[in-house]
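Working notes, beginning with the structure itself.
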Amino acid sequence: MPQAAPFSRRRLVIDSATESCSVALYEDDALIAGECLMLGRGHAERLVPMIAALPDKGRAATILVDSGPGSFTGIRVGLAAARALALAWNAHVLGYQSLELVAAMARAQQGGPAPQPVDVVMTGGHGEWFFRPFDAAGRPTAPLASLSPDLALARLTAPLV
């Protein structure tokens with residue numbers, strides 16, 4: 123039986139869209155290694171060294187990168203790094219949206235007999251927050267909004283925030 127190519131089940135996950143800069147290397151569902159730094163600024167200088175510090179320099183068959191919402195510059199830094207590595211490694215690049223990921227994590231961690239709706243609120247920069255509500259199945263129920271903290275708080279209706 124032929125063996126799978128090296129790194130074929132590995133995924134490199136990159137998040138540079140927010141104040142934090144994160145990288146993680148997974149094999150199947152197991153975390154091999156990762157790092158998360160609260161930078162605010164300077165993602166372009168720190169991202170590639172963080173990836174290089176991972177086992178096998180982070181090499182993976184699939185690269186997932188945060189496509190927002192978030193800082194335009196941060197998103198661009200993450201996408202550029204992911205695309206460059208994908209070219210070098212002949213890997214696939216996929217985007218994910220952080221609010222959907224946070225909603226899925228919240229639903230997975232909640233107790234109780236059935237999933238509940240989730241409102242996700244994250245720092246959006248310039249004094250605003252990103253807000254998006256999700257139903258119990260994880261589907262967005264309204265468009266993404268960038269709101270003042272007071273307006274975001276006024277829109278909260280889900281039992282889980």
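Heads up, the numbering used here is the position in the sequence shown plus 122, with the first residue counted as 1.
Glycine included, each C-beta is placed from N, C-alpha and C at the ideal position.
Coil, strand or helix - residue i by DSSP
i: L209; result: helix
i: D150; result: coil
i: H248; result: coil
i: G217; result: strand
i: E222; result: helix
i: A155; result: strand
i: L201; result: helix
i: L261; result: Sequence check: residue 261 is Arg here, not Leu. The answer is coil: DSSP assigns R261 none of H, G, I, E or B.
i: L134; result: strand
i: R254; result: strand
i: A170; result: For the sequence presented, residue 170 should be read as Val rather than Ala. Three-state DSSP puts V170 in a helix.
Own chain, CB closer than 7 Å to residue i, minus 5 neighbours either side, in chain order
i: A155; result: L147, L176 and P177
i: L153; result: A146
i: L159; result: S142, C143 and R168
i: R229; result: P237, V240 and G260
Neighbourhood of residue i by C-beta distance below 6 Å, restricted to the same chain and skipping five residues each side
i: L221; result: V242 and R254
i: L216; result: L186
C-beta contact flag for residue i and residue j at 7 Å
i: G192; j: T140; result: yes
i: D272; j: T263; result: no
i: L269; j: W251; result: yes
i: P239; j: A280; result: yes
i: G260; j: A226; result: yes
i: L134; j: A166; result: no
C-alpha gap between residue i and residue j, whole angstroms
i: Q125; j: A213; result: Annotation note: pLDDT 41 at Q125 (below 50); position unreliable, coordinate value reported separately. Rounded to whole angstroms, Q125 to A213 spans 18 Å at the Cα level.
i: G233; j: L282; result: 11 Å
i: R205; j: E157; result: 20 Å
i: M123; j: S130; result: Because M123 sits at a pLDDT of 39, beneath the cut-off of 50, its placement in the model cannot be relied upon, and the following sentence gives the value as read from the coordinates. Going from the Cα of M123 to the Cα of S130 covers about 16 Å.
i: A276; j: M172; result: 39 Å
i: F194; j: G246; result: 11 Å
i: E149; j: A208; result: 17 Å
Chain-order list of residues whose beta-carbon lies under 8 Å from that of residue i (same chain, five-residue window excluded)
i: L169; result: I136, S138, C143, V145, V199, G200 and A203
Candidates the options, of which the one nearest residue i by Cα
i: M244; options: A236, A174, G190 and T279; result: G190
i: R132; options: T184, L278, L209 and G247; result: T184
i: I197; options: A208, A228 and R163; result: R163
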